[in-house]
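Residue numbers (my numbering): 173 to 600.
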Ligand code: S3P
């Protein structure tokens, strides 16, 4: 899919409520499916990735249906899953595949997880290794990529796992398997990744031991979950309003979990006028409203490496911000970007460079020097976050921009083009 974008020509203004948080939505559907009783989920993200998780849960025997704006999940208990008929297709979603693999590793039946071209190239040894230490039997392709053939083992043993990567998908996968294992399962990681699983398990009646450990055999009970707006989706508009002269935009109901809010710290450190108000809590998750006003004072910074996990999905749009800020922005310690839905360092570098931005790529990051942006054409390479980042870049360019490879925007933000138009952006 190709989108024609910008230049916006006039300021962005008004208010927007970003769609439900993708990470929290996946977890809500999975945990509700494992719980006994009917759970009610409000504010769920309706996107292809979340539909993938819900459809896999249905194939495992769950009854999931809409009730007006809410989703009702009739969980059958962690032990009640049925063997799926045929492979479970995880589409483009790494979160769906890695989290569900943790559950499926512990079942008394076998299953196969497949994905689209992008997911089929993503590394799975990072979950296969700890799951095998617990006693699971899992086969991958020779390159350690999907498909995953999981021979379930209902007698997993708990482990204390020191993950070499700061990955919430790895951590959540191991904790979900740990719910079924004998004894306690704990995970520690080099830097703290997003903690939505740890925050949501207690809502389903499973206490966490010492912050990141679960006891095997814990029973989940149905819950009422309210999902905040996705800060990763809001980030595109935060950057657009920061960079487009005279913009003033309010983003309502944005998730502000402190393992996800690095984009706010970066914007403020670069000089943006961004204020958070009306802070509140949904379950265990922090939420607030964000007002951004253009002030023309953006400057490049060195992004502290310890911030990287809290803004990992925002790095493509941060690269756009860097391209229009004064001076150089340096990003390091972000080698994980190379194994996302695409190699996000290469895809963004190729697009930015072709529009006149000076940059240097590194194995684990990039230096970007702010400059004037030309129009032309770029390729989002089927990666939703790169495609949306280029659509925002187009608002800031001096002439029209054509963005190829936008089809997967629907995996996380189906209403993106509509919302961008609503606040004054140009996109067709
Ligand atoms: C996610 C974790 C992150 C993030 C992804 C969603 C999650 O991936 O990039 O978009 O929901 O757990 P990693 O766990 O690979 O860091």
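Glycine included, every Cβ here is placed at the ideal spot set by N, Cα and C.
Under 8 Å between C-beta atoms of residue 423 and residue 408: Cβ atoms of residue 423 and residue 408: not closer than 8 Å.
Run of the beta strand (DSSP E) containing residue 238, from where it starts to where it stops: 235–239
Residue span of the beta strand (DSSP E) that contains residue 396, given as start and end: 396–398
Same chain, Cβ closer than 8 Å to residue 210, five either side skipped, listed in chain order: Correct list, in chain order: 244, 245, 246, 247 and 394.
Three-state secondary structure (DSSP) of residue 644: Only positions 173 to 600 of the chain appear in this structure, which leaves residue 644 out of reach.
The region 326–346 contacting the region 293–304, beta-carbon criterion three pairs below 8 Å: Enough Cβ pairs lie closer than 8 Å, so yes.
As assigned by DSSP and simplified to three states, the class of residue 244: strand
Pick from 340, 400, 384 and 575 that is closest to residue 551, judged by C-alpha positions: Out of 340, 400, 384 and 575, 575 has the C-alpha closest to the C-alpha of residue 551.
Beta-carbon separation (whole angstroms), residue 355 vs residue 388, contact threshold 8 Å: 6 Å
Pick from 453, 452 and 438 that is closest to residue 446, judged by C-alpha positions: 438
Of the listed residues 580, 368 and 565, nearest to residue 573 (C-alpha basis): Selected option, being the one with the closest Cα: 565.
Cβ shell of residue 365 (< 7 Å), same chain only, five flanking positions each side left out: 338, 339, 340, 343, 431 and 481
Extent of the continuous alpha helix (DSSP H) run through residue 350: 340–350
Beta carbon of residue 504 nearer than 8 Å to that of residue 536: yes
Uninterrupted beta strand (DSSP E) stretches inside the region 257–335 (no shorter than 3 residues): 282–286, 309–311, 320–323 and 332–334
For residue 463, the nearest candidate out of 177, 237, 184 and 258 (CA to CA): 184
Buried versus exposed call for residue 466 [16 or more other C-beta atoms within 10 Å across all chains shown]: Counting Cβ neighbours within 10 Å, residue 466 comes out buried, since at least 16 surround it.
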